[in-house]
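Asker: This is the structure I have questions about; it appears just below.
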Amino acid sequence: MLNKVILIGRLGKDPEVKYSASGTPVAKMTLATSERVKDGDSWVDHTEWHTLTAFGKTAEFVQQYVGKGRLVYVEGKIRTRSWEDQSGIKRYATEILVDALKALGPPSNKDAAGNAEAEPPAADADVPF
301 MLNKVILIGR LGKDPEVKYS ASGTPVAKMT LATSERVKDG DSWVDHTEWH
351 TLTAFGKTAE FVQQYVGKGR LVYVEGKIRT RSWEDQSGIK RYATEILVDA
401 LKALGPPSNK DAAGNAEAEP PAADADVPF
């Protein structure tokens with residue numbers, strides 16, 4: 301059996317990094333992928349949004365090197381989790397657990413002084429957790 305996802309897209313916002321009770325960094329981010337699809341006689345862009353979760357070294361990497369708008373390559377697996385909300389209704393969320401992530405192309409974010417953010421390590425951009 302195989303559960304593997306490969307995506308290339310742009311981050312929708314800066315990653316949000318928190319720490320687990322044991323001190324492990326956990327990064328949450330959203331990724332937009334787009335494709336052109338035929339709609340009648342015309343072509344339209346269809347954008348799909350993915351929720352990504354990265355742990356450990358990968359979370360540290362995304363916190364330091366990637367931000368909103370950055371083009372990234374992601375490998376991971378699909379996970380669906382469920383919980384009951386305050387009203388007792390069962391809710392579901394599907395997300396991608398990141399195994400490896402590469403920053404592609406130049407950074408798109410700039411700091412307050414207008415300087416481009418630091419480039420990620422060239423050869424070691426793969427950061428599995």
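Per my numbering, residue 301 is the first one in the sequence shown, and the count goes up by one each step. No residue lacks a Cβ here, since even glycine has one placed at the ideal position from N, Cα and C. These numbers were taken from a predicted model, which means no experiment stands behind them.
1. With burial defined as no fewer than 16 other Cβ atoms inside 10 Å of the residue's Cβ, what is the status of Pro-315: buried or exposed?
2. If we count the other Cβ atoms within 10 Å of its Cβ and call it buried at 16 or more, is Gly-367 buried or exposed?
3. Could you give the DSSP three-state label for Ala-418: helix, strand or coil?
4. From this set, Ala-327, Ser-334 and Leu-401, which residue's C-alpha is nearest Tyr-373's C-alpha?
5. Taking the Cβ atom as the reference point for each residue, do Glu-395 and Thr-351 lie within a distance shorter than 7 Å?
6. Counting only the same chain and skipping the five closest in sequence on each side, list residues whose C-beta sits under 8 Å from that of Tyr-392.
Answerer: Inspection of the coordinates gives the following:
1. buried
2. buried
3. The pLDDT assigned to Ala-418 is 48, lower than 50, so where the model puts this residue is not dependable; a value taken from the coordinates is nonetheless given after this. Three-state result, Ala-418: coil.
4. Leu-401
5. yes
6. Thr-380, Arg-381 and Ser-382
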